Amino acid sequence: MKRRKVKEALAILEAIGMPKAQQNERSALSLLALLNLGRSDSWTDAQNPLMGITPIMDWMKANYGKNYNNFSDMCAQDWYM
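Structure (structure tokens):
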């Protein structure tokens with residue numbers, strides 16, 4: 004079962020017109036990372052941290068337990084934004 008915050012992020016990606024290929028968990032987690040929104044945070048707590056690819060992957064692992072070993076792993080799964 005998907006976590007509530009990830010489902011909400013997916014709904015946002017759809018609402019802003021992201022292509023279907025980018026309406027996935029990786030993109031949702033990337034959005035949450037770029038807003039620094041953990042599981043228990045409110046959307047009103049959104050921030051705007053400067054974050055590159057490696058810190059995004061580290062954030063996904065620390066906050067949602069999703070482990071991407073490196074950017075090539077993400078690319079190998081047809082991930083791009």
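Under this note's numbering, the first residue of the sequence shown carries the number 4, and numbering increases by one thereafter.
Don't be surprised by glycine CBs; every beta carbon is placed ideally from N, CA and C.
All values reported here derive from a predicted model rather than from experimental measurement.
- In the displayed model, Y67 falls within a helix according to three-state DSSP.
- Exposure of K10 is indicated by the presence of fewer than 16 other C-beta atoms within 10 angstroms of its C-beta.
- In the three-state reduction of the DSSP assignment, A36 falls in the helix class.
- L16 sits close to Q25, with the two beta carbons spaced by under 8 Å.
- Q50 and N70 have their C-alpha atoms some 23 Å from each other.
- With respect to the C-alpha of K64, the residue from K23, R42, L13 having the closest C-alpha is R42.
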